Every structure is written in structure tokens, then in C-alpha cells.
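In what follows, a structure is listed as C-alpha cells, so that the remarks can point back to it.
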Amino acid sequence: MAIKYNPNYAKAYYNKGVCLNKLEQYKEAIENYDLAIKYNPNDAKAYYNKGLCLNELEQYKEAMENFNLAIKYNPNDADAYYMKGVCLNELEQYKKAIESFNLAIKYNPNDANAYYNKGVCLDKLGQYKEAIENFDLAIKYNPNDTNAYYNKGVCLDKLGQFQEAIENFDLAIKYNPNDAEAYYNKGVCLCKSGQFQEAIENYDLAIKYNPNHANAYYNKGVCLCKSGQFQEAIENYDLAIKYNPNHAYAYYNKGGCLYKLGQYQKAIENFDLAIKYDPNNGTLYKLINIFKQNAGIKK
1 MAIKYNPNYA KAYYNKGVCL NKLEQYKEAI ENYDLAIKYN PNDAKAYYNK GLCLNELEQY
61 KEAMENFNLA IKYNPNDADA YYMKGVCLNE LEQYKKAIES FNLAIKYNPN DANAYYNKGV
121 CLDKLGQYKE AIENFDLAIK YNPNDTNAYY NKGVCLDKLG QFQEAIENFD LAIKYNPNDA
181 EAYYNKGVCL CKSGQFQEAI ENYDLAIKYN PNHANAYYNK GVCLCKSGQF QEAIENYDLA
241 IKYNPNHAYA YYNKGGCLYK LGQYQKAIEN FDLAIKYDPN NGTLYKLINI FKQNAGIKK
């Protein structure tokens with residue numbers, strides 16, 4: 001009604017945009033933010049909210065342009081810097097994303113999400129210790145942040161600190177008991193620590209919450225194989241292959257178990273499938289040729 005009687009009323013277009021945004025009608029919301037901007041070109045909030053809609057539509061470059069305009073008209077807008085960082089992360093411009101998250105933190109030092117996403121970018125750059133520091137700050141300002149515990153665990157795993165990683169996966173599970181990836185990665189760390197039975201239990205939980213988790217079946221198979229349970233391992237490799245038919249190492253490890261059971265021809269068939277799905281993997285060729293030589297089979 002306000003627009004009908006005053007078509008130049010920027011605030012009405014802005015508020016209509018907000019409502020459409022909440023209804024997830026992002027394109028229509030953008031049209032109204034554009035009208036709000038037309039009648040009030042300095043409206044930082046309109047640019048910011050338009051950027052949010054573009055981000056939802058995965059139009060990250062266009063979203064970033066609007067966050068930059070929001071910052072132009074409100075240089076202390078922590079949220080705009082944060083969302084600019086989110087877009088840069090999506091565009092895989094991790095160093096620039098970190099710069100934006102740093103500015104978000106400058107204007108809002110308690111922003112758990114900014115620390116968390118900065119940590120994600122540092123992880124992607126291979127700066128695991130620095131990533132952990134930021135996940136710790138995210139946890140400081142949001143102690144129930146399951147994703148921060150999970151990603152901290154992932155970084156600790158990469159640093160070979162398996163026990164500390166397990167502790168963080170446990171905290172991730174505490175705050176999200178259905179987190180298949182937390183159980184899976186906890187299983188990976190337990191397996192690396194030689195705790196095969198405990199690893200299997202966690203892979204089973206990962207599978208419970210994500211029954212199509214090919215890598216959980218694969219790694220469960222690895223633990224069963226290391227425990228000498230070759231037939232059970234084969235069954236899990238088969239399930240890994242069911243959910244990821246191109247899983248070269250599932251074929252390779254299945255072949256290894258068949259070899260251990262003296263089923264050399266079936267082993268060779270699986271080795272050949274491993275090479276089919278990863279033909280440029282020199283390590284696979286070397287390992288398979290060792291099996292073939294030991295079985296007295298020509299290359």
C-alpha cells in the first residue's frame with residue numbers, strides 16, 4: 001500500500017525485499033532491493049541484503065560487488081566483510097577471504113563465525129596450526145559449535161595428533177550426535193592408532209547415519225583386513241564399490257584380501273579394475289605387480 005501511494009518510497013521496497021528474502025523468493029527480493037537502491041543509492045543495508053540473496057543463488061561475484069557497495073556506504077559493517085569473505089571462500093580465493101574475515105573480526109571481535117571460516121580457509125591453505133587457533137577462538141565465542149570441533153579434529157589428524165583429534169571429534173559428536181563425518185574421521189584416527197575394533201565401531205556409526213558412505217565401508221574393510229578378517233573385509237569393499245563404483249583402492253584392497261585367501265584369479269580381476277579406474281597411479285601398478293610376482297603370474 002505504501003508503494004502504491006508513494007512509488008518513490010525506498011524504505012517500502014527495502015522492506016518488501018526483506019519479506020521476499022525470508023520467503024526464499026530471492027530473485028523477487030533482488031528486484032525490490034534494486035528499486036530501494038534506485039530511490040536511495042546510499043542505502044548500505046539494501047546492498048547488503050541484495051548480496052545475501054545473490055549468495056543464496058550462488059552468484060558469488062555479483063554478491064561480492066554488493067557487499068563492497070555496502071562497505072562503501074558503511075565502512076564498519078562487520079557483517080558485510082564477513083559475507084564478502086564467505087563469497088571469496090566459495091570462489092577459492094582463500095587469502096583474500098582471510099583478509100575479509102580479519103576485517104569482520106576487527107569490527108566484531110566476538111564473531112565466532114568469522115573465526116570459524118577463517119580457520120576453514122587456513123586449513124585449505126595447509127596452515128593447520130593457524131587454523132586450529134582460529135577454531136579455538138570460534139569455540140571460545142560459541143562453545144557448542146560442532147563444526148569448529150570437527151574441523152579442529154581434521155587439522156589435528158593432518159598434524160598426526162590422533163588422540164587430540166579424537167577428543168575433538170567426540171566433542172563434535174556431543175553437540176551433534178548424528179554427525180556421520182565425525183564418527184568416520186574418529187574411526188580414521190583410531191585406525192591410524194592401531195585401535196582397529198574401536199575404529200570399526202565408529203565406521204559402523206558413520207554408516208548408521210549415512211548408509212551410502214563409501215569411504216566408511218572402505219576403511220572398515222581396511223581395519224577388518226588388518227585384523228585378518230579377509231572375507232568380512234571383502235564384503236565391506238563390495239559395499240564401498242556399490243556406493244562408489246570408481247573407487248580404485250577398494251578394488252585394490254579387495255584384490256589383496258582375495259590374494260590372501262588364495263583366490264588369485266579373482267584377485268587379478270580386481271587389480272585390473274583398480275588400474276581401470278586409476279590408470280595413472282604408478283603406486284598401484286607397483287603394488288599389483290608385487291602381488292602378481294608372488295603369485296607366479298606374469299605382468
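Just so it is clear: in the sequence shown, position 237 is 237 by full-length UniProt numbering, and no numbers are missing.
All C-beta atoms in this analysis are idealised placements derived from N, C-alpha and C, irrespective of residue type, glycine included.
Bear in mind the structure is a predicted one, so any value in this text is a computation, not a measurement.
Spatially closest choice to residue 311 from Lys208, Leu239, Ala206 and Tyr209, by CA coordinates: The structure shown does not extend to residue 311, since the chain spans only 1 to 299, so no value can be given for it.
Residues near asparagine 15 in its chain [Cβ-Cβ closer than 6 Å; skip 5 each side]: As a first step, residue 15 is located in the sequence shown; it is residue number 15 there, counting from the start. Counting only Cβ-Cβ distances below 6 Å, and skipping sequence neighbours, we find nothing.
Among Ala80, Val120, Asp79 and Leu69, nearest to tyrosine 94 - alpha-carbon criterion: Counting from 1 along the sequence shown, the entry for residue 94 is found at position 94. Considering only alpha carbons, the answer is Val120.
Residue span of the alpha helix (DSSP H) that contains histidine 103, given as start and end: Locating residue 103 in the sequence shown gives position 103, where the first residue counts as 1. The residue you asked about is not histidine; residue 103 is leucine in the sequence shown. Its alpha helix (DSSP H) spans residues 94-107.
Among Asn270, Lys192, Lys124 and Glu58, the one whose alpha carbon lies nearest that of cysteine 155: Taking the first residue of the sequence shown as 1, we reach residue 155 at position 155. Answer by Cα proximity: Lys124.
7 Å Cβ cutoff met for isoleucine 166 and lysine 152: In the sequence shown, counting from the first residue as 1, residue 166 sits at position 166. In the sequence shown, counting from the first residue as 1, residue 152 sits at position 152. For isoleucine 166 and lysine 152, no; Cβs fall outside 7 Å.
C-alpha distance - isoleucine 98 paired with leucine 122, whole-angstrom precision: Counting from 1 along the sequence shown, the entry for residue 98 is found at position 98. Counting from 1 along the sequence shown, the entry for residue 122 is found at position 122. Each residue's alpha carbon lies about 8 Å from the other.
Close-in-space but distant-in-sequence residues of the same chain around asparagine 110 (CB under 8 Å, 5 per side omitted): Start at 1 with the first residue of the sequence shown, and residue 110 comes out as number 110. Excluding sequence neighbours, asparagine 110 sits near Tyr141.
Whether asparagine 144 touches tyrosine 107 by CB criterion (7 Å): What you label residue 144 is simply residue 144 of the sequence shown in a count that begins at 1. What you label residue 107 is simply residue 107 of the sequence shown in a count that begins at 1. Going by C-beta atoms, asparagine 144 is not nearer than 7 Å to tyrosine 107.
Alpha-carbon spacing of alanine 10 relative to alanine 148, whole angstroms: Here the question's residue 10 lines up with position 10 in the sequence shown. Here the question's residue 148 lines up with position 148 in the sequence shown. The alpha-carbon atoms of alanine 10 and alanine 148 are separated by roughly 40 Å.
Same chain only: Cβ atoms within 7 Å of leucine 69, ignoring 5 sequence neighbours per side: For the purposes of this step, residue 69 is taken as residue 69 along the sequence shown, with counting starting at 1. Closer than 7 Å at the Cβ level, and outside the excluded window around leucine 69, lie Tyr47.
Cβ pair leucine 258, lysine 266 closer than 7 Å: To locate residue 258, count along the sequence shown from 1; it is residue 258. To locate residue 266, count along the sequence shown from 1; it is residue 266. Taking 7 Å as the Cβ cut-off, leucine 258 and lysine 266 qualify as a contacting pair.
Reduced DSSP secondary structure (H/G/I, E/B, other) of glutamate 31: Position 31 of the sequence shown holds residue 31. Three-state result, glutamate 31: helix.
Beta-carbon gap between glycine 187 and alanine 172 smaller than 7 Å: On the sequence shown, residue 187 is found 187 positions in, with the first residue counted as 1. On the sequence shown, residue 172 is found 172 positions in, with the first residue counted as 1. Cβ distance not < 7 Å, so glycine 187 and alanine 172 don't count as in contact.
Cβ neighbours of asparagine 236 in the same chain (closer than 8 Å, five flanking residues each side left out): Taking the first residue of the sequence shown as position 1, residue 236 is located at position 236. Tyr217, Tyr218, Lys220, Gly221 and Leu224, listed in sequence order.
Bounding residues of the alpha helix (DSSP H) (the contiguous stretch that carries serine 269): Along the sequence shown, read from residue 1 onward, the residue named residue 269 stands at position 269. Here residue 269 turns out to be glutamate, not serine, going by the sequence shown. Unbroken alpha helix (DSSP H) run through glutamate 269: 264-277.
Whether lysine 50 touches asparagine 66 by CB criterion (7 Å): Within the sequence shown, the letter at position 50 stands for residue 50. Within the sequence shown, the letter at position 66 stands for residue 66. In contact: lysine 50 and asparagine 66 (Cβ atoms closer than 7 Å).
Alpha helix (DSSP H) runs wholly inside the UniProt repeat "TPR" (214-247), at least 4 long, in chain order: Runs of the alpha helix (DSSP H) inside the UniProt repeat "TPR" (214-247): 214-226 and 230-243.
For glycine 126, three-class secondary structure by DSSP: Counting from one through the sequence shown, the residue named residue 126 turns up at place 126. In the structure shown, glycine 126 sits in coil (DSSP, three-state: anything other than H, G, I, E or B).
N-terminal and C-terminal residue of the alpha helix (DSSP H) that glutamine 195 is part of: Taking the first residue of the sequence shown as 1, we reach residue 195 at position 195. First-last for glutamine 195: undefined, no H or E at that position.
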